[in-house]
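Following the numbering used here, the numbering of the sequence shown begins with -19 at its first residue and continues without gaps.
Cβ coordinates follow ideal geometry from the N, Cα and C atoms, glycine included.
All values reported here derive from a predicted model rather than from experimental measurement.
Everything below concerns the one structure shown next.
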Amino acid sequence: MTTSTLGTALITGASTGLGAVYADRLARRGYDLILVARDAGRMEALSATLSAETGRSIEVLPADLTDRADVAKVEDRLASDAAITLLVNNAGMSLNGGLLDSEVSQVEKLIALNITAPTLLAAAAGKAFAARKSGGIINIASVLALLPEMFDGVYSGSKAYLLNLSKSLAKQLEPQGVRVQAVLPGATRTEIWARSGKDVDSFPVDWVMEADHLVDASLLGFDRGETITIPPLADEGQWDAYEAARLAMDGKLSNREVAPRYREAIKEAVAA
Ligand code: NAP
């Protein structure tokens, strides 16, 4: 086994689903890996297969990313291991129901896993990579970031958070030589559906992407320097138009005066 010239990719949620496909693809590209999730047995099995097939060095780092002490262990590793060049913030969960019919403990767990952990890991990686003037951070968000009406707002909100965080981090870190990408998958065939009591096969077959297709397209987007990658969206002009409409409000969203549509009514109410 030789030390990788690409360095080491640390992937969260690497025991199955999209994370396991990222592990496969990045090892085949020549990255050494650090696999993070709770199920050490599954990660050991993946590590054995991938290291035999690729010759890469693959370490298993078990962690429950809803546990602050475990997150700190991964943050420390990102801060101290100069071989790490890529963070894939992929671990995530969905709720069995929505905010109004889920256990509060499950809602808190989702926020810890989908928001707090990737934020702290991105901060640790971002600081280390900026100091070395190279590296990359891939955050797995979701198309539901754009469609809060379609799904539970806690999950879609957590993904909208990651989308915002990624855009902001990209702006701060890219001048320092660090790439940041947010990936927005649509429905993709993984265990996340069964884990949250849903049947992915109940969706129209044309809606559901295979995990390997999703990851291959996402890595191509990363190679192309995309900040936002939406593998299922056929017409990227729609995303560009959405962004253009949003950014057209820039410079108009902070104002000493309230908008005229309120101002007149307020004047009338005060005069009455
Ligand atoms: P998945 O098959 O359920 O895999 C989730 C991964 O996260 C597993 O490796 C799991 O491993 C890990 N994980 C779960 N809870 C954890 C915890 N407390 N601490 C550490 N690791 C934990 O889901 P997936 O579909 O591959 O999801 C990957 C990402 O894609 C998620 O962020 C998800 O929100 C996003 N996404 C998925 C879809 C989709 O349709 N599949 C669509 C849009 C976005 P352990 O159980 O071993 O811990």
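Rounded to whole angstroms, the gap between the alpha carbons of residue 205 and residue 159 is 8 Å.
Its Cα nearest to that of residue 197, the residue 166 stands out among 220, 223 and 166. Taking the C-beta atoms as reference points, residue 102 is found no nearer than 8 Å to residue 120. Assignment of residue 190 by DSSP, reduced to helix, strand and coil, places it in the strand class.
The beta carbon of residue 79 lies closer than 7 Å to those of 87, 132, 133 and 134 in the same chain, with the five residues before and after it left out.
Residue 250 counts as exposed, since fewer than 16 other C-beta atoms from the protein chains shown sit within 10 angstroms of its C-beta. With a cut-off of 8 Å on Cβ pairs, the region 147 to 154 is in contact with the region 92 to 111, counting three or more such pairs. In the structure shown, residue 128 falls within a helical segment according to DSSP collapsed to helix, strand and coil. Going by beta carbons, residue 208 and residue 245 fall outside the 8 Å limit.
Cβ neighbours of residue 176 within its own chain (closer than 8 Å, five residues either side excluded): 73, 74, 75 and 76. In the three-state scheme derived from DSSP, where H, G and I count as helix and E and B as strand, residue 95 is classed as helix.
In the same chain as residue -2, and ignoring 5 residues on each side of it, the C-beta atoms closer than 8 Å to its own belong to 70, 120, 165, 168, 170, 191, 194 and 195, in chain order. Between residue 185 and residue 1, the alpha-carbon positions lie close to 21 Å from each other. For residue 167, there is no enclosing beta strand (DSSP E), as DSSP gives it neither H nor E. For the region 0 to 42, the full-length beta strand (DSSP E) segments reaching 3 residues or more read 12 to 17 and 38 to 42 along the chain. Of 200, -7 and -12, the smallest CA-CA separation from residue 172 is found for -7.
Taking the Cβ of residue 19 as the reference point, at least one heavy atom of the ligand NAP falls within a distance shorter than 7 Å. Taking all protein chains in view, the Cβ of residue 43 is crowded by 16 or more other Cβ atoms within 10 Å, so the residue is classified as buried. For the pair residue 18 and residue -5, the Cα-to-Cα distance works out to about 8 Å. Beyond the five residues adjoining it in sequence on each side, residue 55 comes within less than 7 Å, by CB distance, of 100, 101 and 104 in the same chain, given in chain order. At a threshold of 7 Å, residue 44 counts as near the ligand NAP, since its beta carbon sits closer than that to one of the ligand's heavy atoms.
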